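Student: Once you know that position 125 of the sequence shown is 125 in the UniProt record's numbering, the rest is easy, because the numbers rise by one and skip nothing.
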Amino acid sequence: MPASLDELRRREEELRFLNEHLDQQKEQIVRDAGSALRQQELTLEQLSSPLIAEVDDSVPEHDEDVLHEVEPTQGPATERTCDEDADDAAQCSSDPSREPAAPRWSSSVYAPDVEAVEAGGAADTVNCGADTPAPTGMGNEAELRYHQAKLTVANEEIAKLRANLAARNSELADATALIKELQQQCAKLGRAEKAGKAALEREKATAAQQKARVQDLEKELALARQESEQAVRSEKASSSEQRSKDVRLQRALEELEKHRAMLRELREDREGSGQGARAEAQKLLAENTRLKKRQSELLLAFKKQMKLIDVLKRQKQHVEAAQMLSFTEAEFSKTLELGEQMA
Numbered sequence: 001m002p003a004s005l006d007e008l009r010r011r012e013e014e015l016r017f018l019n020e021h022l023d024q025q026k027e028q029i030v031r032d033a034g035s036a037l038r039q040q041e042l043t044l045e046q047l048s049s050p051l052i053a054e055v056d057d058s059v060p061e062h063d064e065d066v067l068h069e070v071e072p073t074q075g076p077a078t079e080r081t082c083d084e085d086a087d088d089a090a091q092c093s094s095d096p097s098r099e100p101a102a103p104r105w106s107s108s109v110y111a112p113d114v115e116a117v118e119a120g121g122a123a124d125t126v127n128c129g130a131d132t133p134a135p136t137g138m139g140n141e142a143e144l145r146y147h148q149a150k151l152t153v154a155n156e157e158i159a160k161l162r163a164n165l166a167a168r169n170s171e172l173a174d175a176t177a178l179i180k181e182l183q184q185q186c187a188k189l190g191r192a193e194k195a196g197k198a199a200l201e202r203e204k205a206t207a208a209q210q211k212a213r214v215q216d217l218e219k220e221l222a223l224a225r226q227e228s229e230q231a232v233r234s235e236k237a238s239s240s241e242q243r244s245k246d247v248r249l250q251r252a253l254e255e256l257e258k259h260r261a262m263l264r265e266l267r268e269d270r271e272g273s274g275q276g277a278r279a280e281a282q283k284l285l286a287e288n289t290r291l292k293k294r295q296s297e298l299l300l301a302f303k304k305q306m307k308l309i310d311v312l313k314r315q316k317q318h319v320e321a322a323q324m325l326s327f328t329e330a331e332f333s334k335t336l337e338l339g340e341q342m343a
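1. Whose C-alpha, out of Lys292, Leu221 and Gln250, is nearest the C-alpha of glutamine 315?
2. I need the straight-line Cα distance from leucine 165 to alanine 36, nearest angstrom please.
3. Buried or exposed: where does glutamine 39 fall if 16 or more other Cβ atoms within 10 Å of its Cβ makes it buried?
4. Could you tell me if glutamate 141 is buried or exposed, where buried requires 16 or more neighbouring beta carbons within 10 angstroms of its beta carbon?
5. Is the CB-CB distance between lysine 293 and glutamine 242 below 9 Å?
6. Would you report the Cα separation of leucine 291 and valine 232, rounded to the nearest angstrom?
7. Considering only residues of the same chain and omitting the five flanking positions on each side of arginine 168, which have a CB-CB separation below 7 Å?
8. How should histidine 259 be labelled, buried or exposed, when 16 other C-beta atoms within 10 angstroms of its C-beta is the threshold for buried?
9. Can you tell which of Leu299, Glu331, His21 and Leu223 has the C-alpha that lies nearest to the C-alpha of aspartate 246?
10. Below 9 Å between beta carbons: does that hold for leucine 189 and leucine 15?
11. Report the rounded CA-to-CA distance for glutamine 185 versus leucine 22, giving the unit in angstroms.
12. Please give the ranges of any beta strand (DSSP E) in the region 246-318, keeping only runs that are unbroken, at least 3 residues long and fully inside the region.
13. Tell me, please, whether the region 330-341 touches the region 195-205 by the rule of three or more beta-carbon pairs shorter than 8 Å.
14. Can you give the Cα-Cα distance for aspartate 216 and glutamine 317, rounded to whole angstroms?
15. May I have the straight-line CA-CA distance separating isoleucine 309 from serine 238, to the nearest angstrom?
16. So the candidates are Ala301, Asp174, Arg264 and Glu257; which of them puts its Cα closest to the Cα of asparagine 288?
17. Using a 10 Å radius around the Cβ and a threshold of 16 neighbouring Cβ atoms, would you call valine 319 buried or exposed?
18. What's the gap between the Cα of serine 244 and the Cα of leucine 253?
19. Please list, in chain order, all residues of the same chain as valine 311 whose beta carbon is under 7 Å from its beta carbon, the five residues on each side excluded.
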């Protein structure tokens, strides 16, 4: 039982430590998700504001044809998915035939700048979230393609952030489920520990009662032993005194018989009775003496038997008390061993 309690306590400490660790991970995930959302908002603001401002500044007010070409191109770019924008950007940078015609005020001087912008789109896809200023001295369509590529990179970064956030949310849900499971296990272990403590308290109370009972029985046994020893001593003293009295009485009876015999002889001699009467009288006297002696022996044996019966009764009581005490001691020792094991 103590080993199981130690195991439960150790398991509870491990679960508490794991719960604290999971709480820390949960807080870290929440902080990372919040920072990712804030970074996403800042990125969107940084990408949307300069893009709109630069497009408005780069398009002349007198060129209505170019303005009509920019507006339908910019609208779907913000609504399409990140994969489609990335494909369009790749196709625009790799397929020159899909490039729209340059406006009438553009010249061949801006061609190297356009190629540099198209080549820089790939670098922007690698350096996600970097606020690179638009190159100067390029045409409107080239600048528009540049901003479209930049917007595509921003959308890809947003998609990555959303995927990261979804993964973090999944990890957070798994961690929350694990925390709930660990809390349930902690509750079960707590209930088991409470039940074990209650059982231990009950066993301790029972052991205390058994100990008090054993102490009472030990006191009773000590008193019984004292009474037995005192009875044995008194029995020995009374038996020795009785033997001495019996010896003195026997001697007195013998002396009395002798004196009676002498008295009868004197009477017979004085009266001059016959030899047959004397012999008969002696025979009757001897028989009477023998019967009296037998009576005294029977009385003495009866007294001894009564004393022996009394001693045997007391010994029987002592043996029963000793058996009860030994059984109680064994039961008490078992209870103490059980209490030590549970502690």
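Here a beta-carbon is modelled for each residue, glycine too, at the ideal position from N, C-alpha and C. What you are looking at is a predicted structure, and each value in this text was computed from that prediction instead of being measured.
Tutor: Working from what's here:
1. Residue 315 sits at position 315 when you count from the first residue of the sequence shown. Per the Cα distances, Leu221.
2. Counting from 1 along the sequence shown, the entry for residue 165 is found at position 165. Counting from 1 along the sequence shown, the entry for residue 36 is found at position 36. Each residue's Cα considered, the two are about 8 Å apart.
3. Position 39 of the sequence shown holds residue 39. Exposed: under 16 other Cβ atoms inside 10 Å.
4. For the purposes of this step, residue 141 is identified with residue 141 of the sequence shown, where counting begins at 1. So glutamate 141 counts as buried.
5. Numbered from its first residue, the sequence shown carries residue 293 at position 293. Numbered from its first residue, the sequence shown carries residue 242 at position 242. For lysine 293 and glutamine 242, no; Cβs fall outside 9 Å.
6. Position 291 of the sequence shown, counted from the start, is the residue given in the question as residue 291. Position 232 of the sequence shown, counted from the start, is the residue given in the question as residue 232. The straight-line gap from Cα to Cα measures roughly 33 Å.
7. To locate residue 168, count along the sequence shown from 1; it is residue 168. Within the same chain, arginine 168 has close Cβ partners Ile29, Asp32 and Ala33.
8. Locating residue 259 in the sequence shown gives position 259, where the first residue counts as 1. By the neighbour-count rule (16 or more Cβ atoms within 10 Å), histidine 259 is not buried but exposed.
9. On the sequence shown, position 246 is the one that residue 246 refers to. Ranking Leu299, Glu331, His21 and Leu223 by Cα distance to aspartate 246 puts Leu299 first.
10. Within the sequence shown, the letter at position 189 stands for residue 189. Within the sequence shown, the letter at position 15 stands for residue 15. It is a contact, given that the beta carbons lie within the stated cut-off.
11. As a first step, residue 185 is located in the sequence shown; it is residue number 185 there, counting from the start. As a first step, residue 22 is located in the sequence shown; it is residue number 22 there, counting from the start. Computed Cα separation, rounded: 15 Å.
12. none
13. yes
14. On the sequence shown, residue 216 is found 216 positions in, with the first residue counted as 1. On the sequence shown, residue 317 is found 317 positions in, with the first residue counted as 1. In a straight line, the C-alpha of aspartate 216 is about 17 Å away from that of glutamine 317.
15. Mapped onto the sequence shown, residue 309 falls at position 309. Mapped onto the sequence shown, residue 238 falls at position 238. Isoleucine 309 and serine 238: Cα-Cα distance of roughly 15 Å.
16. Indexing the sequence shown from 1 puts residue 288 at position 288. Cα-wise, what sits closest to asparagine 288 is Glu257.
17. Residue numbering aside, residue 319 sits at position 319 when the sequence shown is read from its first letter. Valine 319 comes out exposed.
18. The residue labelled residue 244 in the question sits at position 244 within the sequence shown. The residue labelled residue 253 in the question sits at position 253 within the sequence shown. Using only the alpha carbons, I get a separation of about 14 Å.
19. The residue labelled residue 311 in the question sits at position 311 within the sequence shown. Once the five neighbours on either side are set aside, the close Cβ partners of valine 311 are Glu235.
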